[in-house]
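For the sequence shown, the residue numbers in our numbering are 300 to 649.
These notes concern the structure reproduced below.
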Amino acid sequence: MTSLRKNIEEMDGYLPGFQPENESEWIKLNTNENPYPPSPRVREAILNELGKDGANLRKYPDAGSRQARAAAAQVYNVDPAWVIMANGSDELLNNLIRAFVGEGEELAYVHPSYSYYATLAEIQGAKVARFTLNDEYTLADFPPRYTGKLFFLTSPNAPLGCRFTNDYICELASRCDGVLVVDEAYADFAEKTSIELVEQNENIIVTRTFSKSYSLAGMRLGLAVARPEVVAALDKIRDHYHLDRLALVAATAALADQAWLQENVAKIRKTREWFSSELRQLGYRVVPSQANFIFATPLDLDGERVYQALFERKILVRHFSDPLLKHGLRISIGTREEMEATLAAVQEIG
Ligand SMILES: *Cc1c(COP(=O)(O)O)cnc(C)c1O
C-alpha cells in the first residue's frame, strides 16, 4: 500500500519471544514469565467482578483506574497523583516516547537491553542512539551531556541481569537534558529499587510491569511512578479505557497481596542463586543476577550450540544473535524442578 508512512513501510516490527504450541511439553524459560501462579486473590477478584451473569461487563471500566492507583500508591509509598496504571508496561514505554520525543528528535537506550524501545521509536519517527554497557556494567560512552529527549535505562538490565546503583542512575540523570526512564521490569527480584529517586530528581521516571514478579503477563498490566505533571500528560495520551474491568480488579488484588509476591520472589531468588552456582561449577560464566533470569556463557563461547541442544530436549531458553550476546544464553528462572532438569540437560550437553 503506497499511502503508508515511509517509516512504517520500512520497519520490521518487533519479534516477541517464541511461544510453543503444545506448551505443556516444554520447559519454557525464554520469556521470563513467573513459574508460580498469581495471588489467589486475583482469581477471586476477577470472578467477583464477572459475577454470575457477567452483567458488569456491560459497563465501561473506570477510566481513571482509581482503585488500582490507590493500591499502587500505598505499595510504593507515594501520593496517587504520582502513579499511572497501564496496559502492560509496553504501553507506557510507547506513551512516554509519544509524550517526550517528537518526529525527528532523539531518544537513547542502553545496549544491550530491550529491543522494543527501538521499534517504538521507529513508529514515532524518532532517532535512536545506543550507549553500550562495558565489563564494569557502566556506560563508558555516555556523553557528559546527553541532549536527546529521553533515555531508557533498563535496571536490572535485561538480558544481563545486573543492576545500576542509585548513585549512578542519579549521575546519569544529571547529565540528561531530557528525561531518564528507569525500566524496572525486574526490580522486585533485586536488592534495591529506584522508586525513591523519582521524588528526589526532576527528570527520573520509573516503570514497572505485573508480567514478571506478579505472574500476570497474560493480564497486560504495568505502572509508572512519575511527577504529577508527567502523569497528567500520560493521562492525556492514553486510550481512555485502556484497562478493562477484569485487569483493573486483578491489579488492585495483586498489589494488595504483597505477602504472596514476596514469597514467590524469595523462592525464585533462592533458585536463581543455586542454579547460578551450579552452572559456574560446570565452567559457565554467569553474570550475578538481580532479576528472574540469568545470562550464562559456556566455556566454548557458543551460546547457539547449547541453545539448539536444549531445544532438542524441549527446553526453551533465549539466544540472541547480537555480537555482544551471542556467546551466551538468557535463561529464565523456573521452579526448582524445572531448573534441576535444565541443569541435568546442560551437564549432558557438555
Ligand atoms: C517484560 C519487559 C517489559 C514489558 O512488560 P509488559 O508489562 O509485559 O509489557 C518491559 N521492559 C522490560 C525490560 C521487560 O523485560
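Backbone N, C-alpha and C fix where the C-beta goes; we use that ideal spot for every residue, glycine too.
Residue state for Glu-490 is assigned as coil, using DSSP reduced to three classes.
With distances taken between CA atoms, Ala-565 lies nearest to Thr-634 out of Val-505, Ala-595, Thr-634 and His-410.
Distance from the CA of Ser-412 to the CA of Leu-452, rounded to the nearest whole angstrom, comes to 8 angstroms. DSSP places Phe-450 within a strand segment (E or B) once states are collapsed to three.
A distance criterion of 8 angstroms places the beta-carbon of Phe-450 beyond contact range of ligand 1, judged by its closest non-hydrogen atom. If you look at Ile-468, you'll find it isn't in any beta strand (DSSP E); it sits in the alpha helix (DSSP H) that goes 465 to 473. Not one heavy atom of ligand 1 is found less than 8 angstroms from the C-beta of Phe-619.
Bounds of any beta strand (DSSP E) do not take in Lys-613, whose DSSP letter is neither H nor E. With distances taken between CA atoms, Ala-640 lies nearest to Thr-570 out of Val-585, Pro-587 and Thr-570. If you compare the alpha carbons of Ile-614, Tyr-583 and Leu-349 with that of Asp-599, the shortest gap goes to Tyr-583. If you draw a straight line from the Cα of Asp-352 to the Cα of Leu-346, it comes to about 11 angstroms. Residue burial is scored here from C-beta neighbours: Lys-327 has at least 16 other C-beta atoms within 10 angstroms and is therefore classed as buried. Chain order is used for the residues whose beta-carbon lies nearer than 5 angstroms to a heavy atom of ligand 1, namely Gly-387, Ser-388, Asp-389, Tyr-413, Thr-453, Ala-457, Asp-482, Ala-484, Thr-508, Ser-510 and Gly-521. Inter-residue distance for Ala-380 and Gly-363 is about 11 angstroms (C-alpha atoms, whole angstroms).
Glu-501 and Ala-428 have their C-alpha atoms roughly 22 angstroms apart. Secondary structure in the region 394 to 438: the beta strand (DSSP E) runs of 3 residues or longer, each lying completely within the stretch, are 405 to 410 and 426 to 431 in chain order.
Note on Leu-303: under 16 other CB atoms within 10 angstroms of its CB, so exposed under the neighbour-count rule. Contact between Tyr-513 and Pro-337 holds, since their C-beta atoms are separated by about 6 angstroms, short of 8 angstroms. Going by beta carbons, Phe-441 and Gly-477 fall outside the 9 angstroms limit. Separation of Glu-308 and Ala-420 (C-alpha to C-alpha, rounded to the nearest whole angstrom) is 14 angstroms.
At least 9 angstroms separates the beta-carbon of Thr-464 from that of Asp-482. CA-to-CA, the gap between Asn-563 and Arg-629 works out to about 20 angstroms.
Nearest to Val-497 by C-alpha distance, out of Val-382, Ala-489 and Lys-358, is Val-382. Ranked by Cα distance from Met-638, the options Arg-604, Leu-349, Phe-592 and Lys-358 are led by Phe-592. For the beta strand (DSSP E) assignment, the uninterrupted runs of no fewer than 3 residues enclosed by the region 549 to 625 are, from N- to C-terminal side, 592 to 596. Glu-490 and Ala-354 have their alpha carbons spaced roughly 43 angstroms apart. Below 8 angstroms, enough C-beta pairs join the region 402 to 410 and the region 430 to 438 to call them touching: three or more. Per DSSP, reduced to three states, the secondary structure at Thr-641 is helical.
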